[in-house]
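Here is the structure we will look at, set down as structure tokens.
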Amino acid sequence: MTKEYAEQLFLQEKPTLALLAIWSFQKTYASVITKEINSTFAHTTKILSKMEEHGLVKFTVEGRVKYVELTDHGYRVVEALKNLIMAIEGETPETTEGSEGEDTDAPAEATEDEKKLTRDHIDRLHEQIVSTYNDLFNNSSKPEEMKMKIGPFSRDIQLLLNSIEKNEDLIDDEGLDKLGEIQSIFDTVMKQ
Numbered sequence: 001m002t003k004e005y006a007e008q009l010f011l012q013e014k015p016t017l018a019l020l021a022i023w024s025f026q027k028t029y030a031s032v033i034t035k036e037i038n039s040t041f042a043h044t045t046k047i048l049s050k051m052e053e054h055g056l057v058k059f060t061v062e063g064r065v066k067y068v069e070l071t072d073h074g075y076r077v078v079e080a081l082k083n084l085i086m087a088i089e090g091e092t093p094e095t096t097e098g099s100e101g102e103d104t105d106a107p108a109e110a111t112e113d114e115k116k117l118t119r120d121h122i123d124r125l126h127e128q129i130v131s132t133y134n135d136l137f138n139n140s141s142k143p144e145e146m147k148m149k150i151g152p153f154s155r156d157i158q159l160l161l162n163s164i165e166k167n168e169d170l171i172d173d174e175g176l177d178k179l180g181e182i183q184s185i186f187d188t189v190m191k192q
């Protein structure tokens with residue numbers, strides 16, 4: 001496969017959604033992915049076949065069921081896709097490089113703009129997770145579906161925790177409460 005083909009594959013909606021769905025479910029099968037990405041079974045199997053050719057997924061057979069799961073390379077691609085999505089949405093990168101000669105070991109005091117960005121990020125994430133969870137809960141969704149919908153937020157939660165760990169001035173008590181609620185929902189769903 002050429003590099004250009006790989007770029008075309010992952011700059012399309014269905015393959016990206018399929019890869020994220022596999023990541024969310026950890027180990028699933030093609031018909032579940034078909035339903036999740038709103039595609040035909042034939043198209044989904046073609047996408048999965050191309051992903052296997054690129055070393056992103058692997059198939060295992062247990063009894064009469066053929067499962068699909070990510071390879072290590074697949075996990076790295078999912079992280080890159082999530083970074084791309086965050087970059088498109090204008091989120092801050094996971095790590096920021098200090099300027100040349102700048103002391104990056106000592107945490108600088110957070111500016112009001114940084115605090116506001118963190119508050120906005122927490123508010124937005126809180127709203128997304130709580131509303132998604134409430135919709136799923138009210139519709140008596142299955143645990144697998146809940147994991148698929150809530151699981152992708154893990155990266156956002158970790159980014160927030162990392163930035164707050166580096167500089168505790170970024171968050172106030174209200175933000176801590178919302179972040180605690182976010183983590184509680186996430187942990188509840190993922191441990192089902």
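Here the UniProt record's numbering is used: the first residue of the sequence shown is 1, the next is one more, and so on. No residue lacks a Cβ here, since even glycine has one placed at the ideal position from N, Cα and C. Computed from a predicted structure; not experimentally measured.
S154 places its beta carbon less than 8 Å from that of F186. Sequence-distant partners of A18 (beyond 5 residues in either direction) whose C-beta falls short of 6 Å from its own C-beta, in its chain, are I33, I37 and I47. When E13, T60 and L70 are compared, the shortest CA-CA separation from F25 is found for L70. Pairing S163 with H54, the inter-Cα distance amounts to about 34 Å. Beta-bridge partners of Y29 (DSSP): none assigned. With a cutoff of 8 Å on beta-carbon distance, T16 and L81 are scored as near each other. The C-beta separation of H126 from E181 comes to about 7 Å, placing the pair in contact by the 8 Å criterion. DSSP, reduced to helix, strand and coil, places T60 within a strand of the structure shown. Taking the Cβ atoms as the reference, F59 lies roughly 6 Å from K66, within the contact range of under 8 Å. Between the alpha carbons of T28 and T111 lies a gap of roughly 45 Å. Looking at the backbone, the Cα of T118 and that of D156 are separated by about 12 Å.
Taking C-beta separations shorter than 8 Å and ignoring five residues to either side along the sequence, the partners of V78 in its chain run L19, L20, W23 and L70, following chain order.
A residue is called buried when at least 16 other Cβ atoms come within 10 angstroms of its Cβ; V61 does not meet this threshold and is exposed. In this structure, the straight-line span from the alpha carbon of L160 to that of E145 is close to 24 Å. Scanning F137, T44, I171 and G175 for the CA closest to the CA of T188 turns up F137. Under the DSSP assignment, E69 falls in the beta strand (DSSP E) whose first and last residues are V65 to L70.
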